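For reference, the structure discussed in these notes is given below.
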């Protein structure tokens, strides 16, 4: 593992640290992964480094930098002669978070690691990963669960304006079960809360993505800027809070991507059994219907499949009408 930690330092030095701010490119995150990084599975496969760079996908100059460090392209990955594999994860698939959950299971449970070895040898890496996905997700739900959301709620509860969990965690709160691991934690906050947030999160690292750059967040953002990345060393098991500035005024929730779409705040802001506020599932799914103008990502399609049977007829009607307005002909319309 010492070589891998040295390799991480070398990558950060060569590629640059995107989190340092005011950079067009650089390393966003890197972690150790793969079954080969689990001591009980030594010799089964080589360990991996899971690398996120900006921009995504990496540019030609970044690829040349990797090759200058000894990394050689091998299909969709890079191999290093010292004996590890470099993977650039697909953000939309949820693969990185699932891999970290699988590694945590295999590190914690020797019996599971033994069964994984048998599956790997019999069927290969991809099949073994797929076979153990439910078990890894269940382990994540037991050991991590809602701890990141509870930590964030302990901080944000001091706001005197509305806020709520959105994204995949909102659907976990709706379903009453943590269905899959998450890389980060999405929270919608009323735009008017910015002065309070600056004070409340004074000991956090706060950055505002702007035009492909990270800039320290030190003053209220004006529309269309709406995103703040907040990191704290005590925030457990996720990379960051993704704070999304939202118009929650006048008793309405406004869909940020199209002002024609609204919900009464009393219907949009629901409460979990544990007392955590979250975005109603029909509104959360509207965001997931077309992230970045693309068709639903793999994890978003899975979320839709899990949540659709739980929607009330009124919620399904609202989502179908919103999709017809914002994304006419969307594949989910017929399923509603």
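Residue numbers (the working numbering): 22 to 357. Note that CB positions come from ideal geometry on N, CA and C, so glycine has one too. Since this is a predicted model, take the numbers as computed values, not measurements.
Note down, in chain order, each residue of its chain lying with its Cβ closer than 6 Å to the Cβ of residue 195, except the 5 sequence neighbours on either side. 302
Host alpha helix (DSSP H) of residue 116 (start-end): 116-129
Out of 137, 203, 87, which one is the CA nearest neighbour of residue 57? 137
Quick one: any contact between the segment 68-75 and the segment 138-153, if contact means 3 or more CB pairs under 8 Å? no
Would residue 262 and residue 278 be called neighbours here (beta carbons separated by less than 9 Å)? no
Touch test, the segment 156-165 against the segment 265-280, Cβ-Cβ under 8 Å, three pairs minimum: no
Cross-strand partners of residue 309 (DSSP beta bridge): The partner list for residue 309 (beta bridge, DSSP) is empty, contrary to what the question assumes.
Does DSSP classify residue 299 as helix, strand or coil? strand
Exposed unless 16 or more other CB atoms sit within 10 angstroms - verdict on residue 300: buried
Using a Cβ-Cβ cutoff of less than 7 Å, which residues in the same chain neighbour residue 75 once the five nearest sequence positions on both sides are dropped? 39, 46, 47, 49
State the CB to CB distance for the pair residue 264 and residue 212, rounded to an integer number of angstroms; the pair is presumed to be in contact (CB under 8 Å). Going by Cβ atoms, the distance from residue 264 to residue 212 rounds to 11 Å, so no, they are not a contact pair.
Under 8 Å: do the segment 186-200 and the segment 291-299 share three or more Cβ pairs, one atom per stretch? yes
Determine, using beta carbons only, whether residue 60 comes closer than 9 Å to chain D. The structure shown has no chain D; it contains just one protein chain.
What are the partner residues of residue 72, as DSSP defines its beta bridges? 51
Which of helix, strand or coil DSSP assigns to residue 250: strand
I believe residue 304 touches residue 284 by the beta-carbon criterion, under 8 Å. Please report the beta-carbon distance rounded to the nearest angstrom. 6 Å
On a Cα-Cα basis, can you pick out the residue from 96, 128, 210 that is closest to residue 298? 210
Straight-line CA distance for residue 94 to residue 287? 52 Å
Is residue 342 helix, strand or coil by DSSP? helix
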